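Undergrad: Going down the list, the sequences are from chains L and R.
When we follow our numbering, the leftmost residue of the first sequence carries the number 554, and every step to the right adds one.
When we follow our numbering, the leftmost residue of the second sequence carries the number 1433, and every step to the right adds one.
Backbone N, C-alpha and C define an ideal beta-carbon position, used for all residues, glycine too.
Small disclaimer: the values here were computed from a predicted structure and weren't measured.
I am attaching a structure below and will ask some questions about it afterwards.
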Amino acid sequence: MTRLQLLGLTVAAAFFATASVHAEGDKAAGRKLIYTCNGCHGVPGYANAYPNYPVPRIAGQNEQYIVNALHEYKAGDRKHPTMMAQAQSLSDQDIQDIAAYLSSLAK
Amino acid sequence: MRALTLLSFGAILAFASTQLLAAGSIENGKQKAATCFACHGTDGNAVDPQYPRLAGQYNMYLQQALNEYKTGQRDNAIMKGFVAQLSDQDIQDVAAYFSSLPTKLDTVHGHIQGDKD
């Protein structure tokens, strides 16, 4: 019985984990959240100085790529001090919202 | 005098960035980028949303990303295999090519809350 309950719990946990990954992002919320991004990602051709790094264009970028990038920064798998700090301040839902909004801006 | 110093500093900066941008060949990059098209699209706009759009992304950012994949600073199993075959010149050429394509990308300027659409 205990084993069966454990199995049920595992399946339920896996289901919820998957469900949250595929949660729909809220574009209106994303539009508010990207206010901070403007400091670097709003300047055409901007390269920040410490460390010296060319800042990419992110408006119009593909949704799942943005989600993955922010989660990688958050987990420290992708390393850039500013982006790691920014991503750590974002919840999973924030990341979904930002990706939904930015990807909707494709020209 | 100060204006002259500033002006010459600007001239050096302009020269330095010209050098960096002049290093890649768009024409050669187009040939070398053939492998990239399967995931990143023939026009540099990936259809599968897990892959980034490269068309019109900044030249220097694309070079930076490719170099980071090469050194392992940016760790991605798929990209690692591809960049291992690219020389520094190849990276400059491929970046020159993708950055020259018509883009769907933009900065976030004008897209934040309170801005006009």
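#1: DSSP three-state label for H1541/R, please.
#2: When you compare each of K1464/R, R1485/R, N1491/R and Y1490/R to E616/L by their alpha carbons, which one comes out closest?
#3: Which residue wins for smallest C-alpha separation from D1547/R, given the options V608/L, K585/L and S657/L?
#4: Indicate whether at least one CB of chain R lies closer than 8 Å to the CB of N621/L.
#5: Out of I1523/R, L1537/R and F1514/R, state which residue places its alpha-carbon closest to the alpha-carbon of G613/L.
#6: By the criterion of Cβ-Cβ separation under 9 Å, what are the contact partners of A1478/R in chain L?
#7: Looking only at C-alpha atoms, which of S644/L, I611/L, Q649/L and A638/L sits nearest to N591/L?
#8: So, at 8 Å on beta carbons, what are the nonlocal neighbours of A1487/R in its own chain, with the 5 sequence-adjacent residues on each side left out?
#9: Taking A652/L as the reference, give the member of H633/L, T635/L and V620/L with the closest Cα.
#10: Taking 8 Å as the cut-off, decide whether the C-beta atoms of V1515/R and L1498/R are in contact.
TA: Let me lay it out:
#1: coil
#2: R1485/R
#3: K585/L
#4: yes
#5: L1537/R
#6: N615 and Y618
#7: I611/L
#8: G1473, D1475, G1476, N1477, F1530, L1533, P1534, T1535, K1536 and L1537
#9: V620/L
#10: yes
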